[in-house]
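Colleague: Listed in order, the protein sequences are those of chains R and H.
The numbering used here applies: residue 1 is where the first sequence begins, and numbers increase by one.
The numbering used here applies: residue 296 is where the second sequence begins, and numbers increase by one.
Each residue gets a CB set at the ideal place from its N, CA and C atoms; glycine is no exception.
Note that the structure is a prediction, hence the values are computed from the model and not measured.
What follows is a structure written as structure tokens; I'll ask about it next.
Number of protein chains: 2
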Amino acid sequence: MASTVTLLIEPVPAGETRHDLDATFREVDASAPALRVGELSTQRGDGIFETIAVIDGHAQEARAHLERLRNSARICELPEPNLEQWQAAIARAVASLPAEGEFALKLVLSRGVEHGPAPTAWLHVAPAADFSAVRARGIRVVTLDRGYDRDTAERAPWLLLGAKTLSYAVNMAALREAKRRGADDAIFVTPDGYVMEGPTSSVILRHGDVYSTPAPSGAILHGTTQQSLFEHLEATGARTDYRDIRVPELGTADAAWLVSSVRLAAGITHIDGSPVAYDADETRALNDYLLSPRD
Amino acid sequence: MASTVTLLIEPVPAGETRHDLDATFREVDASAPALRVGELSTQRGDGIFETIAVIDGHAQEARAHLERLRNSARICELPEPNLEQWQAAIARAVASLPAEGEFALKLVLSRGVEHGPAPTAWLHVAPAADFSAVRARGIRVVTLDRGYDRDTAERAPWLLLGAKTLSYAVNMAALREAKRRGADDAIFVTPDGYVMEGPTSSVILRHGDVYSTPAPSGAILHGTTQQSLFEHLEATGARTDYRDIRVPELGTADAAWLVSSVRLAAGITHIDGSPVAYDADETRALNDYLLSPRD
């Protein structure tokens with residue numbers, strides 16, 4: 001069994017049925033060069049991606065991730081991905097992995113090589129970092145201004161808000177700023193004081209038995225893990241709500257989490273240096289659900 | 296003589312003197328794979344770049360570009376580049392090019408491979424597109440909201456405004472939006488109505504004999520071509536000014552240009568579909584200067 005798999009994918013147009021999808025994948029060694037310097041993904045961050053957890057041999061919420069990949073492609077005017085092809089690539093990679101353990105599987109669709117005729121695509125899966133301590137102990141979070149007012153996405157679609165692009169330098173800088181402030185992660189907020197999302201996660205708050213998350217306007221990525229958790233919570237009788245959340249509510253919630261595909265639910269213990277209500281038992285229950293096979 | 300050169304560069308720390316710099320370069324075939332899929336430049340747009348014109352065997356304003364590369368590295372918390380090494384790489388690439396013609400030489404400094412020990416770096420030079428018609432006929436430009444108020448850069452340094460990062464998906468989307476509106480290029484403006492810069496260029500206006508450009512706050516990249524032109528104009532007795540420029544001034548200037556390293560000075564003929572004053576003779580004179588060897 002391999003614990004790392006890299007597949008270069010020759011994109012098949014959406015709507016085209018191919019019976020030899022396996023022939024469109026080429027397995028390569030992740031430690032060997034696979035991309036040209038002319039790649040627009042590398043020159044311009046010009047492409048999109050998804051990160052899927054593979055847990056004990058199951059790709060979690062693969063369909064929801066692929067639907068979001070398609071939505072990102074639409075916003076970025078990339079050719080529509082053939083979801084059946086991506087699904088087949090995921091299946092092939094997962095089949096090579098051990099039956100137990102947690103893995104991070106990344107899908108990348110790039111605009112291709114500069115002046116080239118077609119997009120390039122690949123899949124890479126590797127063992128996930130061990131997040132068990134983070135899931136048990138929680139995280140310290142700082143709020144960071146994202147610079148955009150809440151109505152920016154509607155007004156300026158060329159800012160690509162709502163697409164999961166490869167242009168993540170700001171997201172990485174926000175994580176460095178959080179570390180510099182002695183925290184583990186960040187929550188982006190608008191200049192007018194509304195909660196948006198983490199650089200690589202969604203925000204969920206609980207007040208009593210109501211779970212809320214910022215309304216996914218065009219400016220916020222609609223989180224696959226958040227959606228999955230809300231479905232689960234609704235099935236157990238809890239109430240869920242998409243709404244505008246003002247920054248001070250982060251400090252007054254009965255519990256708060258950053259949720260993402262691979263780290264799963266991380267309970268927030270501190271906001272901007274001040275302790276907030278943290279529920280270790282509930283976080284464990286949420287992660288028990290998130291670690292179970294989900295489609 | 297080669298018309299395309301690609302050098303992979305093994306970064307030498309700043310301040311370290313190496314007498315065998317040539318041994319830190321490895322020439323590769325641009326059409327062959329050279330980068331791993333784990334590259335953070337490609338996964339996260341996490342790196343910085345510069346584009347330098349090579350004209351008739353001379354790398355234009357190489358030192359100014361290298362200083363800006365160093366500034367971008369500082370903003371992005373990348374290891375400080377060794378400018379002597381980059382200068383040697385440029386010299387080696389230029390020595391392989393024909394003595395005549397225009398080339399675009401790109402420097403890339405990436406944070407490296409994920410979990411890897413060191414940044415990766417490369418240089419790629421290829422023939423420039425033929426911009427002679429654009430320089431003669433001018434360009435149609437639209438204004439596009441960049442979403443950030445003028446004071447954003449000071450307030451939120453993690454947004455990396457002022458660094459030339461590889462996360463350029465928005466810049467590319469702005470160019471597509473311009474094309475969709477029947478234009479050739481765009482000018483980013485603030486939500487409160489101030490002129491910023493083009494997605495890949497600086498803005499210069501002329502009113503009478505005064506040339507002005509938006510004050511390079513942290514939110515605007517300080518353009519090497521704009522600085523070079525201002526030095527030239529001052530030497531000829533013209534006045535230059537860095538100041539706040541409101542959007543309506545784009546329509547009332549006596550002439551306006553987008554200037555950049557490879558396309559050079561492109562006169563603006565239309566703003567948002569309306570014709571504006573355009574000076575073909577002056578644009579030719581500016582480009583005669585920009586095409587001459589400059590350091």
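Note down, in chain order, each residue of its chain lying with its Cβ closer than 6 Å to the Cβ of residue 263/R, except the 5 sequence neighbours on either side.
Modeller: Taken in chain order, the residues that qualify are 131.
Colleague: Mind checking residue 190/R: buried by the 16 CB within 10 Å criterion, or exposed?
Modeller: Classification of residue 190/R: buried, given that the 10 Å Cβ count is 16 or more.
Colleague: If you check the beta carbons only, do residue 499/H and residue 545/H fall under 9 Å apart?
Modeller: No; because the gap between Cβ atoms is not below 9 Å, this pair is not in contact.
Colleague: By alpha-carbon positions, which one of 311/H, 549/H, 357/H ends up nearest to residue 501/H?
Modeller: Closest by alpha carbon: 549/H.
Colleague: Give the straight-line distance between the Cα atoms of residue 438/H and residue 534/H, rounded to the nearest whole angstrom.
Modeller: Their backbone Cα atoms lie some 26 Å apart in a straight line.
Colleague: Please list the partners that residue 447/H has in chain R, where partner means a Cβ-to-Cβ separation under 7 Å.
Modeller: Going along chain R in sequence order, the residues near residue 447/H (Cβ under 7 Å) are 147.
Colleague: For residue 342/H, would you say it is in contact with chain R, using Cβ-to-Cβ distances shorter than 9 Å as the test?
Modeller: Chain R, which has a Cβ nearer than 9 Å to the Cβ of residue 342/H, makes this yes.
Colleague: Which chain R residues sit within Cβ distance under 8 Å of residue 508/H?
Modeller: Per Cβ cutoff of 8 Å: no residues; residue 508/H is ~23 Å from chain R at best.
Colleague: Cβ atoms of residue 265/R and residue 229/R: under 9 Å apart, would you say?
Modeller: For residue 229/R and residue 265/R, yes; Cβs fall inside 9 Å.
Colleague: Evaluate the contact criterion for the region 69 to 83 of chain R versus the region 134 to 143 of chain R: three or more CB pairs, one atom per stretch, below 8 Å.
Modeller: Result no; under three Cβ-Cβ pairs closer than 8 Å.
Colleague: Name, in chain order, the residues that DSSP records as bridge partners for residue 47/R.
Modeller: According to DSSP, which records beta bridges pairwise, residue 47/R is partnered with 110/R.
Colleague: Quick one, which of 478/H, 479/H, 317/H has its alpha-carbon nearest residue 304/H's?
Modeller: Closest option to residue 304/H, Cα to Cα, is 317/H.
Colleague: So residue 495/H packs on residue 585/H, CB below 8 Å; how close in whole Å?
Modeller: Not a contact, Cβ separation roughly 16 Å.
Colleague: Below 7 Å between beta carbons is the criterion; list the residues of the region 163 to 187 of chain R that meet it against any residue of chain H, in chain order.
Modeller: Going along the region 163 to 187 of chain R in chain order, one finds 165, 166, 167, 168, 169, 170, 172, 173, 174, 176, 177 with a Cβ nearer than 7 Å to chain H.
Colleague: Is the separation between the beta-carbon of residue 111/R and that of residue 167/R shorter than 9 Å?
Modeller: Against a cut-off of 9 Å, the Cβ pair of residue 167/R and residue 111/R comes out as no contact.
Colleague: Specify, as a first and last residue, the run of the beta strand (DSSP E) that residue 480/H falls within.
Modeller: From DSSP, the beta strand (DSSP E) with residue 480/H extends over 480 to 484.
Colleague: Please state if the CB of residue 388/H and the CB of residue 436/H are separated by a distance shorter than 9 Å.
Modeller: No, they are not a contact pair.
Colleague: Can you list, in chain order, the residues of the region 413 to 429 of chain H whose Cβ is nearer than 7 Å to any Cβ on chain R?
Modeller: Here the close residues are 417, 419.
Colleague: By the three-class DSSP mapping on this structure, what secondary structure does residue 231/R have?
Modeller: Residue state, collapsed to three classes: helix.
Colleague: Residue 415/H and residue 543/H - do their beta-carbons sit closer together than 9 Å?
Modeller: No, these two residues do not count as a Cβ contact at 9 Å.
Colleague: Classify residue 489/H as helix, strand or coil using the three-state DSSP reduction.
Modeller: Residue 489/H falls in the strand class under three-state DSSP.
Colleague: Would you kindly check if the distance between the Cβ of residue 422/H and the Cβ of residue 33/R is under 9 Å?
Modeller: No. Outside cutoff.
Colleague: Return the chain-ordered list of same chain residues with a C-beta closer than 6 Å to the C-beta of residue 50/R, the five sequence neighbours on each side being excluded.
Modeller: Only 65, 69, 107 meet the Cβ criterion.
Colleague: Could you tell me whether the Cβ of residue 486/H comes closer than 9 Å to any Cβ of chain R?
Modeller: Residue 486/H counts as touching chain R.
Colleague: In chain H, what lies closer than 8 Å to residue 144/R by C-beta?
Modeller: In chain order: 451, 453.
Colleague: Under 9 Å, CB to CB, which of the residues in the region 328 to 352 of chain H have a partner in chain R?
Modeller: For the region 328 to 352 of chain H, which is checked against every Cβ of chain R, the residues closer than 9 Å are 328, 329, 330, 331, 332, 333, 334, 335, 336, 337, 338, 339, 340, 341, 342, 343, 344.
Colleague: Let me know if residue 341/H comes out buried or exposed under the rule of 16 or more other beta-carbons within 10 Å of its beta-carbon.
Modeller: Under this definition residue 341/H is a buried residue.
Colleague: Considering only their Cβ atoms, is the gap separating residue 241/R from residue 212/R smaller than 9 Å?
Modeller: In contact: residue 212/R and residue 241/R (Cβ atoms closer than 9 Å).
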